[in-house]
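With positions in the sequence shown counted from 1, the corresponding number in this note's numbering is that position plus 1363.
Every residue gets a Cβ at the ideal spot worked out from N, C-alpha and C, and that includes glycine.
Heads up: the structure comes next, in structure tokens.
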Amino acid sequence: MNRNDVITALIDKKGLGLEIGPSINPIARKSDGYNVHIVDHLSQFDLKTKYLDHGVAVDNIEPVDFIWKGEPLRQVVNNGLVYDWIIASHVIEHVPDPIQFIRDCQSILKPGGIISLAIPDKRFCFDFLRFPTSSGALVQAFLEKRVRHTPGQVFDSFAFASTLDGKTSWEDGSAGQLQWLHAHGYGGLALKNSLEADDYVDLHAWVFTPSSFRLAILDLNLLGYLKIHEESFTLTIGCEFFVTFRNYPPKGDFDRLALAMQAQSEGSRLGSPEAAKQLVQHAAQPAQPLSWLGLTGPSAKPG
């Protein structure tokens, strides 16, 4: 079963659907018979222009029905239609307010409609050295009605991004040379830019393992910030895991302590000291000492 099969397992392609942010890799293609509207940050023409020199198949880019610049989704998809399903692959980790994002999705879904998410697993991508997002952090973003990432999130995203043998994503069982993705000091420069400018910086604001995400959703349901049912869950394939929700109140019991303990275990993926040593013993050091305050370092603005 490949990732597309997992993501679309509970989706009726004849039902009206919405795919958010497919860019160069749409899952629910109109050419495959899906009755779908597309939301993306640029038009089809502009997306093709953006990726023209990136060595990707720009012909895969679907016509874009709604252009989303970060405002509440319900303000963008304002056609009055009610959808049967929504697909969002590698989206929720980018949005400034995941609670509001899920609520917005629910507001344009019919009762019992599907939200199918693919989410990067921090253990197998450039978020490896970052700490998982807490339930409280998601609540805080919602209470602040956040529409852009905080300077602290910008710093974390750049300062703790890493690679394994030069790759930004990998599979379980991989070993190699763990390195910082950016030069020492780049996080401070990104922080400085974020404090001085109002420009929206796209990044992974939220970091999850499978159990940390499920625990967060459980907490948000218990607190009343969400009312959504986890219909299915698929463990990590490659560098991502999959969760499908139904648009009705949660059913069934989850063991919160078991989820928390599993999240702790997942967060300690390095396991034994020897496993950690295998990854870091040959890690390259920064070529030059750069200030975390960004007073020296790359002159280019991070993007």
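- Residue environment analysis places Ile-1430 among the exposed positions, since fewer than 16 neighbouring C-beta atoms fall within 10 angstroms of its C-beta.
- Taking 8 Å as the cut-off, the Cβ atoms of Asn-1398 and Lys-1413 do not count as close.
- Collapsing the DSSP output to three states places Asp-1618 in coil.
- Contact between Leu-1544 and Phe-1489 holds, with the beta-carbon distance rounding to 6 Å and staying under 8 Å.
- For Pro-1514 against Ser-1557, the beta-carbon gap comes to about 4 Å, under 8 Å, which counts as contact.
- Beta bridge pairing from DSSP links Thr-1607 with Ser-1479, Ser-1595.
- Here DSSP, grouped into helix, strand and coil, assigns Ile-1401 to strand.
- Annotated three-state conformation of Ile-1471 is coil, per DSSP.
- Nearest in C-alpha terms to Asp-1409, of all of Asp-1395, Ser-1497, Gly-1418, Ser-1386, is Ser-1386.
- For Leu-1527, the uninterrupted beta strand (DSSP E) segment begins and ends at 1525–1527.
- Three or more Cβ pairs closer than 8 Å define a contact, and the region 1570–1583 meets that threshold against the region 1479–1489.
- Gln-1540: not part of any beta strand (DSSP E); DSSP gives it neither H nor E.
- Partner residues in the beta bridge of Lys-1530, as assigned by DSSP, are Leu-1527.
- Your pair Val-1440 and Leu-1381 checks out as a contact, with CB atoms roughly 7 Å apart and the cut at 8 Å.
- Within a 10 Å sphere around the beta-carbon of Leu-1541 sit 16 or more other beta-carbons, which makes this residue buried.
- Closest option to Val-1445, judged by alpha-carbon separation, among Arg-1466, Val-1421, Leu-1472: Leu-1472.
- Per DSSP, Gly-1380 lies in no alpha helix (DSSP H); the unbroken beta strand (DSSP E) holding it starts and ends at 1380–1383.
- Ile-1462 is a Cβ neighbour of Leu-1501, given a cutoff of 8 Å.
- The C-beta separation of Val-1421 from Phe-1605 comes to about 26 Å, leaving the pair out of contact by the 8 Å criterion.
- Separation of Val-1419 and Arg-1511 (C-alpha to C-alpha, rounded to the nearest whole angstrom) is 29 Å.
- Straight-line spacing of the CA atoms in Arg-1437 and Gly-1539 works out to 44 Å.
- Short of 7 Å from the beta carbon of Tyr-1611, and not among the five residues preceding or following it, lie these beta carbons of its own chain, in chain order: Pro-1474, Gly-1475, His-1592.
- When the Cα atoms are used, Phe-1596 and Gly-1499 turn out to be separated by approximately 22 Å.
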